[in-house]
Amino acid sequence: MLRGWIYVITNPAMPALVKIGYSTKDPSFRAKELNNTGSPHPYSVAYDALLPSPRDMEQRVHKLLIDKREGKEWFRITVAEAISTIRTTAGEHILLERVNHSEHGEPLPHSETSNSINSCQFPGCTLDAERAYKEIYYCIWHFREKTNPRNVAAIRLLREEQQKTSTKPEK
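With positions in the sequence shown counted from 1, the corresponding number in our numbering is that position plus 39.
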C-alpha cells in the first residue's frame with residue numbers, strides 16, 4: 040500500500056470543472072506542473088487528503104461521479120461536491136486533510152508572495168509563504184501544522200519524507 044494524496048484542483052478559466060486526482064507527492068507540486076499547460080490562469084489545490092491507498096480511493100470516487108465526468112480526471116461539479124464525495128468514500132481512512140477556501144486559508148495572491156510578504160512567519164522558517172491562516176502567512180508545511188494541530192507529528196514526518204525524495208544525490 041503506497042501512501043499519498045487525493046486532491047481537488049481548480050482553475051478560474053474552467054469555473055464549472057474540478058480535477059480529482061491522486062499523487063504520492065504534495066498536490067501543490069501537481070498544480071504547479073499543470074500551470075505549464077498553457078492555461079491563462081493558475082491552477083490551485085482546493086482540497087487534498089492524505090490516504091493509505093490514494094489510487095484506489097481516486098478510482099472509487101471517479102466511479103461514483105461517472106455521470107459528471109468531462110474528461111479523464113475532470114468533473115462538472117462544485118468543489119464542495121468533490122470534497123463531500125471524497126470524505127464520504129474515504130471516511131476514516133483520511134489521515135490528514137486540507138481545505139483551501141476562505142476560513143481555511145486562501146492561496147496568497149502572486150503579487151503578495153513576490154513583494155513584502157514572501158517568507159513564512161513561523162519562527163525560524165525561511166521557506167516562501169504560500170497560505171494565510173488567521174492573517175498570518177505560512178509555508179505549506181507550517182500552514183498544515185496550524186490548521187491540523189492534532190497531526191503535527193505526521194505532518195513533520197511527511198515533510199521529512201518529501202525532502203528526502205526531492206533532493207537529488209550529488210555526483
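Every residue gets a Cβ at the ideal spot worked out from N, C-alpha and C, and that includes glycine.
Keep in mind it's a predicted model, so treat the numbers as computed, not measured.
Within a 10 Å sphere around the beta-carbon of L90 sit 16 or more other beta-carbons, which makes this residue buried. Note on geometry: alpha-carbon atoms of R189 and I105 lie some 35 Å from one another.
Assignment of beta strand (DSSP E) within the stretch 73 to 118, counting only whole runs of 3 or more residues, yields 83 to 90 in chain order. By the CB criterion at 8 Å, V84 and S67 fall inside the cutoff. A residue is called buried once 16 or more other Cβ atoms fall within 10 Å of its Cβ, and T165, having fewer, is exposed.
Annotated three-state conformation of K173 is coil, per DSSP.
When the five nearest sequence neighbours on each side are left out, the beta carbons in the same chain lying within less than 7 Å of the beta carbon of I175 are those of Q160, in order along the chain.
When secondary structure is reduced to three states using DSSP, I179 falls in the helix class. At a Cβ-Cβ threshold of 8 Å, A168 and C178 count as neighbours. When the five nearest sequence neighbours on each side are left out, the beta carbons in the same chain lying within less than 8 Å of the beta carbon of H80 are those of N50, P51, A52, in order along the chain.
R126 counts as exposed, since fewer than 16 other beta carbons sit within 10 angstroms of its beta carbon. Y86 has its alpha-carbon roughly 6 Å from the corresponding atom of N139. Taken atom to atom, the span from the alpha-carbon of I194 to that of Q98 is near 25 Å. The residues A88, in chain order, have a CB closer than 6 Å to that of I133 in the same chain once the five nearest residues on each side in sequence are set aside. Contact between L73 and Y61 does not hold, since the beta-carbon distance rounds to 14 Å and is not under 8 Å. A direct Cα-to-Cα measurement between T117 and A55 gives close to 7 Å.
Per DSSP, R137 is one residue of the beta strand (DSSP E) stretching across 135 to 138.
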